[in-house]
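There are 2 protein chains.
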Amino acid sequence: MSKKAAPDPSRRSETARRAILTAALDLVGEVGYAKLSIEGIAAAAGVGKQTIYRWWPSKGALLFDAFLTLAGEGDDGQSAALPDTGDLAADLKLVLRATVEELNDPRYDQPMRALHTEIVHDPALAADYAKRLDEPMRELKKERLRSARDAGQLAADVDLDVAVDLLFGPVLNRWLQRTGPLTAEYADQVVDTALRGLRPREP
Amino acid sequence: MSKKAAPDPSRRSETARRAILTAALDLVGEVGYAKLSIEGIAAAAGVGKQTIYRWWPSKGALLFDAFLTLAGEGDDGQSAALPDTGDLAADLKLVLRATVEELNDPRYDQPMRALHTEIVHDPALAADYAKRLDEPMRELKKERLRSARDAGQLAADVDLDVAVDLLFGPVLNRWLQRTGPLTAEYADQVVDTALRGLRPREP
């Protein structure tokens, strides 16, 4: 037991990594994505530019990791299953209302817009996003819908991927395009309309 | 009747305007939005930078006008009503399949991605987009759904705005996020699922 232990290199680099991710999120919120630079992030995080370039190939990739960290912290790093109380509409409304609240929170809004911009233009990042974020989330949503289908609450031949798109897409669209107010009421309407379907019941 | 008529200034400036819009669309397809510059567009169109700045406040606003022109040329400058053969599903599939084809066309893909990026980050442009493009298109879609509702093909209390979001949002999302293949079959599935609704018929 030496009095003066050498700093643990893996802990030190984890500290630097977290400082960089936090700086990236803070900065993108302040200056926007277009003006976000690796230099600026390095300065804010107190590391050299080369440290960042060693770990991330682009500011898009760095921001994506920062965003995954932010999303992970929100739910204690667990990818949580959707609630399943047996009431499908209520469970979906709970989830979509939480999404609306998150999208209306400035802490999420700016980095998520920046991330979506990169996804639109960068096919490699889009593939990474699809694999690391969209697919795991989509699987949790489908799991909840599968359970509803098993309980006879969804038609047996519903395509679960299309169902996920119908239930979760409209809120994302309205947020991205700003085509209308993003409210809890809108989330409820989407759930009710998607679940009830647009056609009147068969006689 | 002089032999050498003075050039008509309004025609000359219309020629310049169209040259600028065409140059903007060509250039954004070549270099992408981030590298698109007013200087580059001016050079390609054979006009001075000041001519462009006199007419448009930003490259986003210019690209938006260029995109409106492109969209307008596709349908002879008319905002066409949706087809109404009486078969709602068939009519919607026709429209959504055409949208899929357009989004898969490189001539539209790059400028539309650039436009959507700007909309995501620029609230003023988003408001302009909502007013000049989304709302008129949405009105045409609602008109078709209203006719179906009057014919008893949709439930009387369906919210038409939410119905439009469910029917037309998923294709746009899949294109923007590249979360899956954008095919005619997907368009058909979205229409069938949205129209049939997710719940089994009441007994």
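Protein chains in written order, with UniProt numbering: chain R, 1 to 203; chain H, 1 to 203.
Ideal placement from N, C-alpha and C gives every residue a C-beta, glycine not left out.
Since we're looking at a predicted model, the values are computed, not measured.
- The beta carbon of V31(R) lies closer than 8 angstroms to those of G40 in the same chain, with the five residues before and after it left out.
- By the Cβ-count criterion, Y186(R) is buried, with 16 or more other Cβ atoms from all chains shown falling within 10 Å of its own Cβ.
- Put simply, of L115(H), Y53(H), N173(H) and T183(H) the residue whose alpha carbon is nearest the alpha carbon of A16(H) is Y53(H).
- Counting only the Cα atoms, D26(H) lies some 43 angstroms from V95(R).
- In the DSSP assignment, P181(H) falls outside any alpha helix (DSSP H) and carries neither an H nor an E.
- Among the residues facing chain R, R18(H) is not included, as its CB has no counterpart in that chain under 8 angstroms away.
- Our two residues, R12(R) and L21(R), have alpha carbons roughly 14 angstroms apart in a direct line.
- Within chain H, the residues L176, Q177 and R178 have their CB atoms less than 8 angstroms from the CB of I119(R), given in chain order.
- In the three-state DSSP reduction, Q177(R) falls in the helix class (H, G or I).
- The beta carbon of P83(R) sits no closer than 8 angstroms to any beta carbon of chain H.
- DSSP places V100(H) in the uninterrupted alpha helix (DSSP H) bounded by L88 to L103.
- Rounded to whole angstroms, L140(R) and A80(R) show a C-alpha spacing of 8 angstroms.
- Interface annotation, T183(R): not in contact with chain H, CB-CB separation never under 8 angstroms.
- Shortest Cα-Cα distance from D65(H) to any of D87(H), R144(H) and M112(H) involves M112(H).
- Taking 8 angstroms as the CB threshold, L172(H) lines the interface with chain R.
- When C-beta distances to chain H are compared with 9 angstroms, the residues of the segment 120-141 of chain R below that value are V120, H121, P123, A126, A127, Y129, A130, D134, E135 and R138, in chain order.
- DSSP places P57(R) outside any alpha helix (DSSP H), giving it a letter other than H or E.
- Between L176(H) and N104(H), the beta carbon gap of about 13 angstroms keeps them out of contact (Cβ cut-off 8 angstroms).
- L154(H) and L63(R) have their alpha carbons spaced roughly 44 angstroms apart.
- Between R146(R) and T117(R), the alpha-carbon positions lie close to 32 angstroms from each other.
- When only Cα atoms are considered, L82(H) and D134(H) end up about 15 angstroms apart.
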